[in-house]
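Chemist: In the numbering used here, the protein residues as written are 9 to 263. Below is a structure I'd like to ask you about.
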């Protein structure tokens, strides 16, 4: 089969639309549920850390959601990727197409959900007397592409491995929970003692979350952060592609 750019775009559109319809079938609020989860957690964390523990971080609600929204994109994509090939077993066995499209569509769908949360961030900016920055025009594509590459690489690897090692379905959620608390989402990176900075630097999502927060809250985009993000994301994509290419020939057999 000859693959063209138009064919790939159409295929991505069809599969993404199918996934959206399956997810929101018989749902009245639809994609609004994608915002409800992080907003609810933001309210809980605000109550615990700001009102009870009295953490001295200004604009704490905005501080939380500027990290929780991109984090949800990451954790939902990676978590759902474990089942992406299993859920599409019939399509894989009956149709010939690039198998890597399936985890990509899952990542792309969650990216669309993330874009839908940006207006919420804008509202909270105005609530706190701030406004969007012109740097968003190039900052969102730059950071978004880096996160897309990182997530797709992880999704490609995990969705492939999970067909052969089903224990990943239980192991990955534990790792994601550990990563959440090792990522400066609920707290500022400045609060971490120097001897524990390795917990942040070894977490590939830390620099991305901090970059989103700097961009949304301060309109700042650091060149060093961009370089670090891509220097991490591209090798992860290459590793994910390598694992996928090694295992893809046995997909139909396993499914």
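Using N, Cα and C, we set each Cβ at its ideal position, and we do this for glycine too. Note that this is a predicted model, so its numbers are computed, not measured.
With 16 other CB atoms within 10 Å as the buried threshold, where does residue 25 fall?
Modeler: exposed
Chemist: With C-beta atoms as the reference, is residue 125 less than 7 Å away from residue 49?
Modeler: no
Chemist: Is residue 51 closer than 7 Å to residue 154 when the C-beta atoms are compared?
Modeler: no
Chemist: At least one CB of chain B closer than 7 Å to the CB of residue 228: is that the case?
Modeler: The question asks about chain B, but that chain is absent: this structure has only one protein chain.
Chemist: Under 7 Å Cβ to Cβ from residue 217, same chain only, skipping five residues before and after it: list those, please.
Modeler: 75, 78, 79, 191, 192, 193
Chemist: Are the CB atoms of residue 129 and residue 224 nearer to each other than 7 Å?
Modeler: yes
Chemist: Quick one, which of 220, 113, 188 has its alpha-carbon nearest residue 17's?
Modeler: If we check each option's Cα against that of residue 17, 113 comes out closest.
Chemist: Residue 244: which of 164, 56, 96, 73 sits nearest, CA to CA?
Modeler: 164
Chemist: Along the alpha helix (DSSP H) that carries residue 98, what are the first and last residues, could you check?
Modeler: Here the alpha helix (DSSP H) through residue 98 covers 97-102.
Chemist: Per the contact definition of three or more C-beta pairs closer than 8 Å, is the region 136-150 in contact with the region 226-237?
Modeler: yes
Chemist: Between the Cα of residue 86 and those of 195, 117, 135, spot the shortest distance and give me the residue it belongs to.
Modeler: 117
Chemist: For residue 161, report the span of its alpha helix (DSSP H) as first-last.
Modeler: 144-169
Chemist: Who are the near neighbours of residue 242 in its chain, counting only those whose CB is closer than 7 Å to its CB and skipping five residues on each side?
Modeler: 157
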